[in-house]
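**Q**
Number of protein chains: 2
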Amino acid sequence: MAICGYGVAVQEPGRGPSALAFGVVRADRLPAEQQLLRIHGALARLMAEHRPDAVAVERLYFSRNVQTAIGVGQARGVALLAAAEAGLPLREFTPTEVKMATAGYGRADKRQMQAMVTALLGLPAPPEPDDAADALAVALCCLQGEALRGRLAAAAPAPARGRP
Amino acid sequence: MAICGYGVAVQEPGRGPSALAFGVVRADRLPAEQQLLRIHGALARLMAEHRPDAVAVERLYFSRNVQTAIGVGQARGVALLAAAEAGLPLREFTPTEVKMATAGYGRADKRQMQAMVTALLGLPAPPEPDDAADALAVALCCLQGEALRGRLAAAAPAPARGRP
């Protein structure tokens, strides 16, 4: 995988979500190990800079062939490693979950997804390239999950205290 | 991938190859990102300790399914990253190349491979588990390639010098 999209999004109480950063790490035309070095370095720097509450990646089920799956796995591997090194919790979402959370239904196409990401984040123009828009969609999906976790935690009764 | 085999082998001039270290990194029962953290850390320590001339990994073409291929790819990703971080050149060999180099033919089975690895490295007993024996076979294959490169370089005429 020579291009790795990323997106950093935040949701502050009482406001809509907004994008802090998005883009792609380009590592094409490099040997695989140099691609991984660049992707790992870029993601580690983004995590150090933004200190997100969680790191979210897409879970993949389908692939054209084994070589493609291994290439995607290699890039995922260094992304997961960067999250673990930074001590950040990891979240994984299927493409259907990401589409549900962003576009409201699980079979949205690329164009609908990009339009929804643009609208939800209040961006002046659709994020380019597609990989950056995809990454922001995963971030939005993660934000929804985190918000839900927060509401559930707030709604749960306080744990019973044992005797000292 | 919860188990990652490794093998460190050396061949000094006029002597047969020998094993400096071999074993497996066990990371089962951990979340994926913690597995990758452990595998990356262990491989980085081995590379720092032994400073090999090259790092060799097996190239995979087949997989039971996409999830398995992605899991293998993730582990490969952090291995390749460790090599790149250490500034070590990477070599990749197909399973057939590894079998050819170790057992002399490309369709050797696990048991034949283990016996040949044991004999070639002069080990007192077959390396256990299989993953460690497999890794040593890849190391032996790499040593053969390095020896061949050395002979080719020695046999090649010195490059013609241009005018200053």
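Residue numbers (the working numbering), protein chains in the order written: chain A, 545 to 708; chain B, 545 to 708.
C-beta: ideal position from N, C-alpha, C; glycine also.
(1) When you compare the CB positions of B/L624 and A/L625, do they come within less than 8 Å of one another, or not?
(2) Secondary structure at A/R573, three-state DSSP: helix, strand or coil?
(3) State yes or no: is the C-beta of B/D675 within less than 8 Å of the C-beta of B/G549?
(4) Suppose contacts are defined by Cβ-Cβ distances below 8 Å. Is A/A613 in contact with B/I547 by that definition?
(5) Got a sec, what are the start and stop residues for the beta strand (DSSP E) A/A553 sits in?
(6) Starting from A/E672, trace the alpha helix (DSSP H) in both directions and tell me its first and last residue.
(7) Between B/V616 and chain A, is the shortest Cβ-Cβ distance under 8 Å, so that the two count as touching?
(8) Hey, how far is the Cα of A/M660 from the Cα of B/G551?
(9) Between the Cα of A/L632 and the Cα atoms of A/L664, A/M591 and A/R608, which residue gives the shortest distance?
(10) I believe B/A691 touches B/Q555 by the beta-carbon criterion, under 8 Å. Please report the beta-carbon distance rounded to the nearest angstrom.
(11) By the 10 Å Cβ neighbour count, where 16 or more other Cβ atoms means buried, how is A/G639 classified, buried or exposed?
(12) Within 10 angstroms of the Cβ of A/G577, are there 16 or more other Cβ atoms? Answer buried if so, exposed if not.
(13) With a threshold of 8 Å between beta carbons, is B/A681 in contact with chain E?
(14) Please report the distance separating the alpha-carbon of B/A647 from that of B/G621.
(15) What would DSSP say about B/A652, mapped onto helix, strand or coil?
(16) Could you please tell me which residues of the region 618-631 of chain A, in chain order, have their CB closer than 7 Å to any CB of chain B?
(17) Could you check whether the Cβ of A/H584 sits closer than 8 Å to any Cβ belonging to chain B?
(18) Anything in chain B within Cβ reach of A/S562, meaning under 8 Å, just list it in chain order.
(19) Rounding to the nearest angstrom, what Cα-Cα distance links A/L667 and A/C686 in this structure?
(20) Which residue from B/F566, B/G560, B/P561 and B/P557 puts its Cα closest to that of B/P673?
(21) Between the Cα of A/P596 and the Cα atoms of A/A679, A/L574, A/R695 and A/A630, which residue gives the shortest distance?
(22) Whole angstroms are fine: how far does the CA of A/A600 sit from the CA of A/L564?
**A** Short version:
(1) Residue 624 of chain B sits at position 80 when you count from the first residue of the second sequence. Residue 625 of chain A sits at position 81 when you count from the first residue of the first sequence. The answer is no: Cβ separation not under 8 Å.
(2) By one-based count along the first sequence, residue 573 of chain A stands at place 29. Looking at A/R573 - three-state DSSP - the assignment turns out to be coil, as it is neither helix nor strand.
(3) As a working note, residue 675 of chain B is residue 131 in the second sequence. As a working note, residue 549 of chain B is residue 5 in the second sequence. For B/D675 and B/G549, yes; Cβs fall inside 8 Å.
(4) Translated into the one-based positions of the first sequence, residue 613 of chain A becomes position 69. Translated into the one-based positions of the second sequence, residue 547 of chain B becomes position 3. Contact flag unset, no.
(5) Looking up residue 553 of chain A in the first sequence gives position 9. Segment I547 to Q555, the beta strand (DSSP E) holding A/A553.
(6) In the first sequence, the residue the question calls residue 672 of chain A occupies position 128. Where A/E672 is concerned, there is no enclosing alpha helix (DSSP H), given that its DSSP letter is neither H nor E.
(7) As a working note, residue 616 of chain B is residue 72 in the second sequence. By this cut-off, B/V616 is an interface position.
(8) Locating residue 660 of chain A in the first sequence gives position 116, where the first residue counts as 1. Locating residue 551 of chain B in the second sequence gives position 7, where the first residue counts as 1. Each residue's alpha carbon lies about 50 Å from the other.
(9) Looking up residue 632 of chain A in the first sequence gives position 88. Per the Cα distances, A/M591.
(10) Here residue 691 of chain B corresponds to residue number 147 of the second sequence, with the count starting at 1. Here residue 555 of chain B corresponds to residue number 11 of the second sequence, with the count starting at 1. Indeed, because the Cβ distance is near 7 Å, the residues count as touching under 8 Å.
(11) Locating residue 639 of chain A in the first sequence gives position 95, where the first residue counts as 1. Checking the displayed sequence, the identity of residue 639 of chain A turns out to be Pro instead of Gly. Counting Cβ neighbours within 10 Å, A/P639 comes out buried, since at least 16 surround it.
(12) Counting from one through the first sequence, the residue named residue 577 of chain A turns up at place 33. Before going on, a small fix: residue 577 of chain A reads as Glu here, not Gly. With 16 or more Cβ atoms within 10 Å of its Cβ, A/E577 is classed as buried.
(13) Given the protein chain composition of this structure (A and B), no chain E is represented.
(14) The residue labelled residue 647 of chain B in the question sits at position 103 within the second sequence. The residue labelled residue 621 of chain B in the question sits at position 77 within the second sequence. Straight-line Cα distance between these residues: approximately 28 Å.
(15) The count along the second sequence starts at 1 and reaches residue 652 of chain B at position 108. Correct three-state label for B/A652: coil.
(16) Q618, A619, R620, G621, V622, L624, L625, A627, A628 and E629
(17) Locating residue 584 of chain A in the first sequence gives position 40, where the first residue counts as 1. With 8 Å as the cut-off, A/H584 counts as an interface residue toward chain B.
(18) By 1-based counting over the first sequence, the position of residue 562 of chain A is 18. Going along chain B, no residue has its Cβ under 8 Å from A/S562, so there is no contact; the nearest lies around 27 Å.
(19) Here residue 667 of chain A corresponds to residue number 123 of the first sequence, with the count starting at 1. Here residue 686 of chain A corresponds to residue number 142 of the first sequence, with the count starting at 1. Rounded to whole angstroms, A/L667 to A/C686 spans 18 Å at the Cα level.
(20) By 1-based counting over the second sequence, the position of residue 673 of chain B is 129. Closest by alpha carbon: B/F566.
(21) What you label residue 596 of chain A is simply residue 52 of the first sequence in a count that begins at 1. When only C-alpha atoms are compared, the closest one is A/A630.
(22) One-based indexing of the first sequence puts residue 564 of chain A at position 20. One-based indexing of the first sequence puts residue 600 of chain A at position 56. Near 15 Å, if we compare the C-alpha coordinates of A/A600 and A/L564.
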